[in-house]
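In our numbering, the protein residues as written are 13 to 335.
Cβ atoms here follow ideal geometry from the backbone N, Cα and C, with glycine treated the same way.
Keep in mind that this is a model prediction, so the values were computed, not measured.
Taking it in order: structure first as structure tokens, then the write-up.
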Amino acid sequence: MILEGENIVINTGGRPVIPNIKGIENNKNVFLSEDIMNLEKLPKTLTIIGGGYIGLEFASMYADFGSKVTVVQDGDVFLPREDEDITKAIREVLEAKTVEIVTGAKVTKAEEGKLYYEVAGEAKTLDSYAILLAVGRRPNTDGLGCENAGVKLTDRGAVVTDEHLKTSADNIWAAGDVCGKLQFTYISLDDSRIIWDEIMGEDKRTTENRGAFSYSVFINPPFSRVGMSEKDAKAAGVEYKVLSLSANAIPKAKVLRKTDGLLKALVKADGTILGAELFCEESYEMINFIKLAMDHGIKAKDIANFIFTHPTMSESLNDLFAM
13 MILEGENIVI NTGGRPVIPN IKGIENNKNV FLSEDIMNLE KLPKTLTIIG GGYIGLEFAS
73 MYADFGSKVT VVQDGDVFLP REDEDITKAI REVLEAKTVE IVTGAKVTKA EEGKLYYEVA
133 GEAKTLDSYA ILLAVGRRPN TDGLGCENAG VKLTDRGAVV TDEHLKTSAD NIWAAGDVCG
193 KLQFTYISLD DSRIIWDEIM GEDKRTTENR GAFSYSVFIN PPFSRVGMSE KDAKAAGVEY
253 KVLSLSANAI PKAKVLRKTD GLLKALVKAD GTILGAELFC EESYEMINFI KLAMDHGIKA
313 KDIANFIFTH PTMSESLNDL FAM
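Written out as structure tokens, the structure reads:
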């Protein structure tokens with residue numbers, strides 16, 4: 013099939029990475045994130061291979077359903093992208109749900125009802141009624157014939173783009189997961205705005221000027237973040253102050269009886285907001301307010317003095333940003 017068009021946008025998304033593990037192929041107990049949601053019977057035990065955001069969302073969900081969940085990851089550090097105080101809080105909440113997290117594990121084989129792995133050379137076995145593969149996603153470019161159109165790909169199969177999301181070929185752009193960068197639905201939406209802006213001749217929107225992006229991980233309670241973490245600030249040599257608040261101090265959290273979690277923000281001495289990490293109920297809504305504040309230069313004191321409705325989770329930002 014040959015497709016022609018004056019302008020072409022590649023937006024074929026991504027697909028799960030299938031790790032090279034003996035016994036997972038044609039194993040009726042092995043699932044991907046898409047098909048595990050079709051299970052009609054709750055697995056007594058669930059083993060998740062991969063400790064990333066998708067794996068943790070299913071870990072939290074199935075633990076709440078009543079499964080005994082074990083997360084097995086090859087990396088030695090749990091959630092290495094996030095700050096240690098946040099990962100400690102997330103891990104404690106998951107473990108309180110009886111989720112076991114195993115780091116530094118090399119999975120060697122899967123059988124019906126069992127998973128075999130090694131930690132520091134020691135062989136271990138897990139009884140697993142179900143195994144979820146959640147080790148990441150890769151761009152969906154196989155079979156597209158990008159090379160025939162002069163569209164360059166990275167070694168991982170992602171489409172190479174510039175700040176306008178234009179590819180190496182004239183009048184061809186790429187958006188979303190296929191670019192191999194930020195894998196969020198709303199980033200794909202914003203990508204479409206950037207591409208449309210250039211097609212229409214405006215050239216104002218780029219990936220470089222859309223500001224800090226926010227994201228949420230839908231565990232229970234949800235974790236949301238925007239902008240810099242402490243790790244980022246230290247690496248960039250930026251001076252900062254840490255503001256923090258326990259979720260247990262929020263009146264609305266007590267009303268909801270969901271007081272687990274920690275709220276944290278990084279600000280400069282002049283109150284400029286560098287970033288925020290919110291591990292609490294309704295953080296997926298609150299983080300958007302902080303993103304808007306950062307984009308428009310609203311400072312910590314402005315949020316600290318803002319009049320929020322009561323009782324809400326958002327009013328906790330008064331206390332969080334009080335310097």
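Query	Result
Where lysine 121 falls, given that 16 or more other Cβ within 10 Å makes a residue buried	exposed
Runs of beta strand (DSSP E) lying entirely within the segment 256-331, each at least 3 residues, in chain order	274-279 and 285-291
Reference proline 151, options Asn39, Leu194, Ile33 and Leu68, closest by Cα	Leu194
Residues that DSSP places opposite arginine 149 in a beta bridge	Pro28
Closest residue to alanine 417 among Met298, Leu268, Ser241 and Ile262 (Cα-Cα distance)	This structure gives no information on residue 417, because the portion of the chain shown stretches from 13 to 335.
Unbroken beta strand (DSSP E) run spanning threonine 59, endpoints	57-61
Terminal residues of the beta strand (DSSP E) in which aspartate 139 lies	134-139
Test item: CB-CB of leucine 329 and serine 256 under 9 Å	no
Under the three-state DSSP convention, the category glutamate 130 falls into	strand
Pair within 9 Å by beta-carbon distance, cysteine 191 and leucine 177	yes
Start and end residues, beta strand (DSSP E) containing glycine 239	235-239
Per-residue burial, isoleucine 48 [other beta carbons within 10 Å of its own, 16 or more giving buried]	buried
Separation of phenylalanine 90 from phenylalanine 301, as counted between CA atoms	28 Å
Which listed residue (Lys80, Leu127, His308 and Cys292) has its alpha carbon closest to that of leucine 286	His308
Contact under 9 Å by Cβ, threonine 173 with tryptophan 185	yes
Secondary structure of isoleucine 143, DSSP reduced to three states	strand
Simplified DSSP state of tyrosine 227, which is helix, strand or coil	strand
Tyrosine 129 vs valine 84 beta-carbon contact at 9 Å	yes
Valine 105 versus glycine 35 - alpha carbon distance	32 Å
Where the alpha helix (DSSP H) through threonine 197 begins and ends	197-211
Short Cβ contact (9 Å threshold) for glutamate 175 with threonine 137	no
Where the alpha helix (DSSP H) through lysine 118 begins and ends	Counting along the chain, lysine 118 falls outside any alpha helix (DSSP H), though it belongs to the beta strand (DSSP E) covering 117-123.
Per DSSP, cross-strand counterpart(s) of glutamate 112	Thr82
Outcome for threonine 166 when other beta-carbon atoms lying within 10 angstroms are tallied against a minimum of 16	exposed
Leucine 58 vs serine 140 beta-carbon contact at 9 Å	yes
Reduced DSSP category for alanine 245 - H, G, I as helix; E, B as strand; rest coil	helix
Contact belief for methionine 306 with valine 238 at Cβ below 8 Å, rounded distance in angstroms	7 Å
Sub-9 Å separation of asparagine 260 and isoleucine 20 beta-carbons	no
Nearest-angstrom Cα separation, counted from asparagine 160 out to isoleucine 299	42 Å
Whole-angstrom distance between valine 229 and tyrosine 65, CA atom to CA atom	6 Å
Burial state of alanine 247 (16 or more Cβ within 10 Å)	exposed
Selected residue, minimal CA-CA separation from glycine 26, among Ala265, Ala170, Lys100 and Ala181	Ala170
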